[in-house]
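> In the numbering used here, the protein residues as written are 53 to 204.
Below is the structure I would like to discuss, written out as structure tokens.
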């Protein structure tokens, strides 16, 4: 699930020849990036959920004030709404942006570098190799079935 394009042919026949260790290492780096991208999605969900919660607090503030509970409304206005969700001052968007700008960007660059150096930039090499094995196995079975049927 890397973010840049492959270098060309994406058929199972286009699998670069690598050592078993290289196939495995490349696959692990690609999987790591895919999990980091999932983490980004979860951070975005956290950001949106936090925003919705803050919207409800904003609504509660005005309702509490209208109901004569100005002290509680003031606590929401002064203590919770301006408060960050991490370290008291960092808002959820700060966390998302920091993750994207630093860790995710660096992880993508490393994944791209590993793909370039090991597989000429090709993505999903391990999956392509598995696809080729399964297709070859199916063709072999088809040829065996054809041979058996023609000899009967």
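All residues carry an ideal CB built from backbone N, CA and C; glycine is no exception.
1. Let's test the definition: count the other Cβ atoms within 10 Å of the Cβ of residue 175 and tell me whether it reaches 16, buried, or not, exposed.
2. List the endpoints of the continuous alpha helix (DSSP H) containing residue 98.
3. Could you spell out the range, first to last residue, of the alpha helix (DSSP H) harbouring residue 166?
4. Could you tell me the alpha carbon to alpha carbon distance between residue 55 and residue 160, rounded to whole angstroms?
5. What is the rounded straight-line gap between the Cα of residue 116 and the Cα of residue 108?
6. By DSSP, does residue 175 sit in helix, in strand, or in coil?
7. Three or more C-beta pairs closer than 8 Å, one from the region 82-97 and one from the region 181-200: is that the case here?
8. Excluding the five sequence neighbours on either side, which residues of its own chain have a C-beta within less than 7 Å of the C-beta of residue 136, listed in chain order?
9. Within the continuous alpha helix (DSSP H) that includes residue 69, where are the two ends?
10. If you check the beta carbons only, do residue 155 and residue 95 fall under 7 Å apart?
11. Once you ignore the five residues that flank residue 165 on each side, which residues in its own chain have a CB closer than 8 Å to its CB?
12. For residue 167, tell me which candidate among 71, 182, 82 has the shortest Cα-Cα distance.
Straight from the coordinates:
1. In the chain shown, the residue the question calls residue 175 occupies position 123. Classification of residue 175: buried, given that the 10 Å Cβ count is 16 or more.
2. Within the chain shown, residue 98 is the residue found at index 46, counting from 1. Residues 72-118.
3. Taking the first residue of the chain shown as position 1, residue 166 is located at position 114. DSSP places residue 166 in the uninterrupted alpha helix (DSSP H) bounded by 157-171.
4. On the chain shown, residue 55 is found 3 positions in, with the first residue counted as 1. On the chain shown, residue 160 is found 108 positions in, with the first residue counted as 1. Here residue 55 scores only 48 on pLDDT, less than 50, and its place in the model should not be relied on; the value that follows carries that caveat. Answer to the nearest angstrom: the Cα atoms are 8 Å apart.
5. In the chain shown, the residue the question calls residue 116 occupies position 64. In the chain shown, the residue the question calls residue 108 occupies position 56. The alpha-carbon atoms of residue 116 and residue 108 are separated by roughly 12 Å.
6. As a working mapping, residue 175 is identified with position 123 in the chain shown. Residue 175: coil per DSSP, three-state reduction.
7. no
8. Within the chain shown, numbered from 1, the residue matching residue 136 stands at position 84. A distance below 7 Å between beta-carbons, with the five flanking residues on each side excluded, links residue 136 to the following residues of its chain, in chain order: 142, 143.
9. Within the chain shown, residue 69 is the residue found at index 17, counting from 1. Counting along the chain, residue 69 falls outside any alpha helix (DSSP H), and DSSP gives it neither H nor E.
10. Mapped onto the chain shown, residue 155 falls at position 103. Mapped onto the chain shown, residue 95 falls at position 43. Their beta carbons are not under 7 Å apart, which means residue 155 does not touch residue 95 by this criterion.
11. Within the chain shown, residue 165 is the residue found at index 113, counting from 1. No residues qualify anywhere along the chain.
12. Along the chain shown, read from residue 1 onward, the residue named residue 167 stands at position 115. That would be 82, whose Cα lies nearest to the Cα of residue 167.
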